[in-house]
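Asker:
In this note's numbering, the protein residues as written are 3 to 221.
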């Protein structure tokens, strides 16, 4: 019995020390989340590392993602769109947060389902138009990741307008501590985030990192 209690106490101490360690070094947790998933040589690595670090620092609890990770093979997912759904789910698991991932294609959820099984209870997938989903979302958003509507270099306007509509719908749900990250911005015509970024900047938001992905904060 004493030995059993010792094991329990030891486990609690280890867990507490891990929480303390990450609280004092959020970047280390970000790097652990990325380890074995997204290569440090990937062009999205720097922004995912930064946003995961910032999420830890700001104690993010509610994450909304538009555009669910797509792909059948894990290596293709991270090489393709960066695997944001999985990365945010791993963060949620470690920090008792919740991810709400919305996509208009049911196929996206079917392909990602077996990758998301370990995060059951921490991620919720919704098949819906992202703007409609956000308009009906009934909570503040701590972290908003926009990655829906594929960009067409020959006709960039539809994806840019869609992202603008997403940010307008989400804006009443954002706080001064919220984080916004937009994918596919390092493309011609400013990528699909051009209008959304302009809108946020007009509201006083500042660009923290401007790369293929753009991170914006209010303060």
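Glycine included, every Cβ here is placed at the ideal spot set by N, Cα and C.
Taking the C-alpha atoms as reference points, what is the distance between residue 98 and residue 90?
Answerer: The count along the chain shown starts at 1 and reaches residue 98 at position 96. The count along the chain shown starts at 1 and reaches residue 90 at position 88. Using only the alpha carbons, I get a separation of about 11 Å.
Asker: When burial is assigned at 16 or more other CB atoms within 10 Å of the CB, is residue 36 buried or exposed?
Answerer: As a working note, residue 36 is residue 34 in the chain shown. By the neighbour-count rule (16 or more Cβ atoms within 10 Å), residue 36 is buried.
Asker: What separation, rounded to the nearest whole angstrom, lies between the Cα atoms of residue 55 and residue 109?
Answerer: Residue numbering aside, residue 55 sits at position 53 when the chain shown is read from its first letter. Residue numbering aside, residue 109 sits at position 107 when the chain shown is read from its first letter. Rounded to whole angstroms, residue 55 to residue 109 spans 31 Å at the Cα level.
Asker: Hey, residue 103 and residue 119: beta-carbon distance below 7 Å or not?
Answerer: For the purposes of this step, residue 103 is taken as residue 101 along the chain shown, with counting starting at 1. For the purposes of this step, residue 119 is taken as residue 117 along the chain shown, with counting starting at 1. Between residue 103 and residue 119, the C-beta gap is not smaller than 7 Å, which leaves the two residues out of contact.
Asker: When DSSP builds the beta bridges, which residues end up paired with residue 187?
Answerer: As a working mapping, residue 187 is identified with position 185 in the chain shown. Answer is none; residue 187 lacks a bridge partner.
Asker: Among 198, 176, 70 and 188, which has the Cα closest to the Cα of residue 166?
Answerer: As a first step, residue 166 is located in the chain shown; it is residue number 164 there, counting from the start. Residue 166 has its Cα closest to that of 198, out of 198, 176, 70 and 188.
Asker: Take residue 222 as the anchor and find which of 62, 149 and 52 has the nearest alpha-carbon.
Answerer: The structure shown does not extend to residue 222, since the chain is modelled only from 3 through 221, so no value can be given for it.
Asker: Output needed for residue 143: all residues of its chain with C-beta closer than 7 Å, excluding positions within five of it in sequence on either side, in chain order.
Answerer: Residue numbering aside, residue 143 sits at position 141 when the chain shown is read from its first letter. Closer than 7 Å at Cβ, skipping near neighbours: 64, 66, 172, 175, 176 and 180.
Asker: Skipping 5 residues on each side, what residues in its chain have a beta carbon closer than 6 Å to that of residue 162?
Answerer: The residue you call residue 162 lines up with position 160 of the chain shown. Excluding sequence neighbours, residue 162 sits near 194, 196 and 197.
Asker: Taking three-plus beta-carbon pairs below 8 Å as touching, is the stretch 44-53 in contact with the stretch 206-217?
Answerer: yes
Asker: On the three-state DSSP scale, how would you describe residue 92?
Answerer: Numbered from its first residue, the chain shown carries residue 92 at position 90. Reduced to three states, the DSSP call for residue 92 is helix.
Asker: Thinking C-alpha only, which one of 72, 45 and 94 is nearest residue 32?
Answerer: Counting from 1 along the chain shown, the entry for residue 32 is found at position 30. The candidate whose alpha carbon is nearest that of residue 32 is 94.
Asker: Give me the Cα-Cα distance between residue 107 and residue 38, rounded to the nearest whole angstrom.
Answerer: Working through the chain shown from its first residue, we reach residue 107 at position 105. Working through the chain shown from its first residue, we reach residue 38 at position 36. Each residue's Cα considered, the two are about 28 Å apart.
Asker: My assumption, with CB atoms under 8 Å, is that residue 202 sits in contact with residue 170. Please give the rounded CB distance.
Answerer: Numbered from 1 along the chain shown, position 200 holds the residue referred to as residue 202. Numbered from 1 along the chain shown, position 168 holds the residue referred to as residue 170. Distance from residue 202 to residue 170 at the Cβ level is roughly 10 Å; contact not present, criterion being Cβ atoms closer than 8 Å.
Asker: Once the 5 residues before and after residue 131 are set aside, which same chain residues still bring their CB inside 7 Å of it?
Answerer: Locating residue 131 in the chain shown gives position 129, where the first residue counts as 1. Closer than 7 Å at Cβ, skipping near neighbours: 106.
Asker: Using a Cβ-Cβ cut-off of 8 Å (strictly less than) and excluding sequence neighbours within five positions of residue 42, which residues of its own chain qualify?
Answerer: As a working note, residue 42 is residue 40 in the chain shown. Result list for residue 42: 36, in chain order.
Asker: Assuming residue 124 contacts residue 101 under a Cβ cut-off of 8 Å, what Cβ separation, rounded to an integer in Å, is found between them?
Answerer: As a first step, residue 124 is located in the chain shown; it is residue number 122 there, counting from the start. As a first step, residue 101 is located in the chain shown; it is residue number 99 there, counting from the start. About 6 Å separates the CB atoms of residue 124 and residue 101; that is less than 8 Å, so the two are in contact.
Asker: Give a single yes or no on whether residue 144 has its beta carbon closer than 6 Å to a heavy atom of the ligand NAP.
Answerer: This structure simply doesn't include the ligand NAP, nor any ligand for that matter.
Asker: How is residue 133 classed by DSSP in three states: helix, strand or coil?
Answerer: Here residue 133 corresponds to residue number 131 of the chain shown, with the count starting at 1. DSSP places residue 133 in helix when its eight states are reduced to three.
Asker: Does DSSP put residue 62 in a helix, in a strand, or in coil?
Answerer: Position 60 of the chain shown holds residue 62. Coil at residue 62, not helix or strand.
Asker: Once DSSP output is grouped into helix, strand and coil, what is the label at residue 220?
Answerer: For the purposes of this step, residue 220 is identified with residue 218 of the chain shown, where counting begins at 1. In the structure shown, residue 220 sits in coil (DSSP, three-state: anything other than H, G, I, E or B).
Asker: Roughly how many angstroms separate the alpha carbons of residue 207 and residue 160, rounded to a whole number?
Answerer: The residue labelled residue 207 in the question sits at position 205 within the chain shown. The residue labelled residue 160 in the question sits at position 158 within the chain shown. Residue 160 has its alpha-carbon roughly 24 Å from the corresponding atom of residue 207.
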